[in-house]
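Down below is the structure, laid out as C-alpha cells.
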Amino acid sequence: MRKTVFTGTGVAIVTPMYPDGSINYEKFGELIEEQIANKTDAIVVVGTTGEASTMTDEEHVEMIRYCVEKVAKRVPVVAGTGSNDTGYAVELTKEAERVGADATLQVTPYYNKTSQRGLVAHFNTIADAVNIPTILYNVPSRTGTAITLDTYVELSKNEKISAVKEASGNLSLAAEIAAHTDFDIYSGNDDQLLPFLSLGGKGVISVSSNIIPRQKHDMVELYMQGKTKEALELQLKYLDLENALFCDVNPIPVKEAMNLLGKNVGECRLPLIRMEEAKIEKLRKELVKAGLLK
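Residue numbers (our numbering): 69 to 362.
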C-alpha cells in the first residue's frame, strides 16, 4: 500500500553558509527549529533550494544526518538524493535511508537526459533499492526532461513510489495525474498551491516557507478545513512576494530575503552569485509590502 509522506507544507530548506562557503550547521539547526515551531509539516533537505548540486558526497550525507537528528521524528525528513547517474542515486539514496530519512526526492535525470522508458527504469531502480518512499520530482525547466502522463501511470504500478512533486507549471498534467494515478501530489510551485489542492493535492514543497512558514502551513490547513475563501486570501496576499522570490535563479533570492530579515544564512556557492541591487530593492519592497520588513 502506498504511504503518504506528509500532508501540508514541506519546506525546501536552504543551506546556510559561512562567508568561506562552508556549511553553517549551527544556523541550519536554528532554521529547522523555526520551521517546526511554525508548524511546517516536513523538512525537505538538500534539494535544489538546498544547493545539493555543489555539495561533496560527505556534505550531502552529513546534511541529511544532521537534519534527521535535529528533527528527531517531530516531522518527516525528505532527502533530495536524485542524480543523472542511476547508480550514484541508488548509493546516495541508500545512505539517506541509513541515516534515517523518511523519504527521498528524485529529480528527473539532467544533461544526459533519457527517454520515457529510461525514466521508468531509472526511478524504479532507485525506489526498489530502499524501503523508504520515493517522491518523483518533475521540473523540466531545470533538467530538460519532463515526465509524461503515460510514464506517471506506468510508475504508479510501483507502490514504493508514493508521490509526485510537480513543478512543470502544467495544471492540466496535474489534473491528469490525479485522474489516472493514486499518487499523492505536491505542488512544486508556491503560486500554484491552491489549484493543486483543488485537484486533491496533499500540499506543497515550498521555497517561500523559508520566510513565511506559518502562513504556508495555514494555507493548506484552512483549505483542508473547508475554509477555501480564507485560504485563497492568504495565497493571494503573498503572491507578489512569492513571485519576487524567483526574480533570479533559486535559491539566490530566498537567501537574500532571509538575510534582509536578519536570518544570516550567507550567500550561495558559485556559480550562483548575489543579485543585482535593483533586484534586491524589488525584493525588499515586497517584504515590506507583505509586512515582514519595516
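For every residue, glycine included, the Cβ atom is placed at its ideal position computed from N, Cα and C.
Residue i to residue j span [Cα, whole Å]
{"i": "proline 144", "j": "valine 73", "result": "7 Å"}
{"i": "glutamate 298", "j": "lysine 107", "result": "18 Å"}
{"i": "serine 240", "j": "alanine 246", "result": "10 Å"}
{"i": "alanine 231", "j": "glycine 256", "result": "12 Å"}
{"i": "lysine 295", "j": "lysine 347", "result": "35 Å"}
{"i": "glycine 78", "j": "glutamate 345", "result": "30 Å"}
{"i": "glutamate 289", "j": "threonine 219", "result": "31 Å"}
{"i": "leucine 361", "j": "leucine 217", "result": "42 Å"}
{"i": "lysine 95", "j": "aspartate 88", "result": "15 Å"}
{"i": "glutamine 303", "j": "methionine 287", "result": "7 Å"}
{"i": "threonine 154", "j": "valine 356", "result": "44 Å"}
{"i": "methionine 69", "j": "threonine 116", "result": "29 Å"}
{"i": "leucine 261", "j": "threonine 202", "result": "21 Å"}
{"i": "alanine 157", "j": "glycine 237", "result": "25 Å"}
{"i": "leucine 223", "j": "isoleucine 229", "result": "7 Å"}
{"i": "isoleucine 320", "j": "alanine 312", "result": "11 Å"}
{"i": "lysine 71", "j": "methionine 292", "result": "19 Å"}
{"i": "serine 185", "j": "threonine 249", "result": "Before going further, note that residue 185 is arginine rather than serine in the sequence given. So the alpha carbons of these two residues sit roughly 18 Å apart."}
{"i": "threonine 124", "j": "methionine 131", "result": "11 Å"}
{"i": "proline 208", "j": "alanine 189", "result": "18 Å"}
{"i": "glutamate 98", "j": "lysine 331", "result": "9 Å"}
{"i": "phenylalanine 314", "j": "glutamate 301", "result": "21 Å"}
{"i": "glutamate 165", "j": "arginine 133", "result": "10 Å"}
Endpoints, beta strand (DSSP E) assigned at residue i
{"i": "isoleucine 366", "result": "Summary: the structure shown does not reach residue 366, with the chain confined to residues 69 through 362, and so no result is reported for it."}
{"i": "lysine 233", "result": "229-234"}
{"i": "tyrosine 156", "result": "Run containing tyrosine 156: none in the beta strand (DSSP E); it sits in the alpha helix (DSSP H), 154-166."}
{"i": "alanine 195", "result": "Careful: alanine 195 lies outside any beta strand (DSSP E), inside the alpha helix (DSSP H) at 184-196."}
{"i": "tyrosine 205", "result": "202-206"}
{"i": "isoleucine 111", "result": "110-113"}
{"i": "threonine 77", "result": "76-80"}
{"i": "alanine 171", "result": "171-175"}
{"i": "alanine 147", "result": "145-148"}
Own chain, CB closer than 7 Å to residue i, minus 5 neighbours either side, in chain order
{"i": "asparagine 180", "result": "Asn152"}
{"i": "isoleucine 215", "result": "Thr176, Leu187, Leu204, Asn206"}
{"i": "valine 129", "result": "Glu163, Val167"}
{"i": "threonine 161", "result": "Thr149, Thr172, Ile194, Ala197, Val198"}
{"i": "aspartate 170", "result": "Val73, Pro144, Val145, Val146, Ile200"}
{"i": "leucine 307", "result": "Asp259"}
{"i": "asparagine 278", "result": "Val79, Ile81, Val82, Val322, Met326"}
{"i": "alanine 358", "result": "Tyr306, Leu309"}
Neighbourhood of residue i by C-beta, 6 Å cutoff - its chain only, sequence neighbours within 5 removed
{"i": "asparagine 192", "result": "Asn226"}
{"i": "leucine 267", "result": "Ala242, Ala243, Ala246"}
Close-in-space but distant-in-sequence residues of the same chain around residue i (CB under 8 Å, 5 per side omitted)
{"i": "isoleucine 100", "result": "Ile81, Ile111, Cys135, Lys138, Val139"}
{"i": "valine 317", "result": "Leu340"}
{"i": "arginine 337", "result": "Met85, Gly89, Glu119, Thr122"}
{"i": "proline 281", "result": "Thr77, Val79, Glu102, Gln103, Asn106, Lys107, Thr108"}
{"i": "threonine 213", "result": "Thr176, Pro177, Tyr178, Lys181, Thr182, Leu187"}
{"i": "glutamate 127", "result": "Ile91"}
{"i": "lysine 323", "result": "Val82, Val333, Gly334, Glu335, Cys336"}
{"i": "tyrosine 254", "result": "Gly78, Ile203, Ala231, Val232, Lys233, Glu234, Phe264, Gly269, Lys270, Gly271, Val272, Ile273"}
{"i": "leucine 329", "result": "Ile279, Leu355, Leu360, Leu361"}
Range of the contiguous alpha helix (DSSP H) that encloses residue i
{"i": "isoleucine 132", "result": "125-139"}
{"i": "alanine 242", "result": "239-248"}
{"i": "alanine 325", "result": "320-328"}
Cβ of residue i within 9 Å of any chain D Cβ
{"i": "serine 121", "result": "The structure shown contains no chain D; it is built from a single protein chain."}
Requested in this report: Counting only runs of 3+ residues fully inside the stretch 256-315, write out the beta strand (DSSP E) ranges in chain order.
Outcome: 271-274
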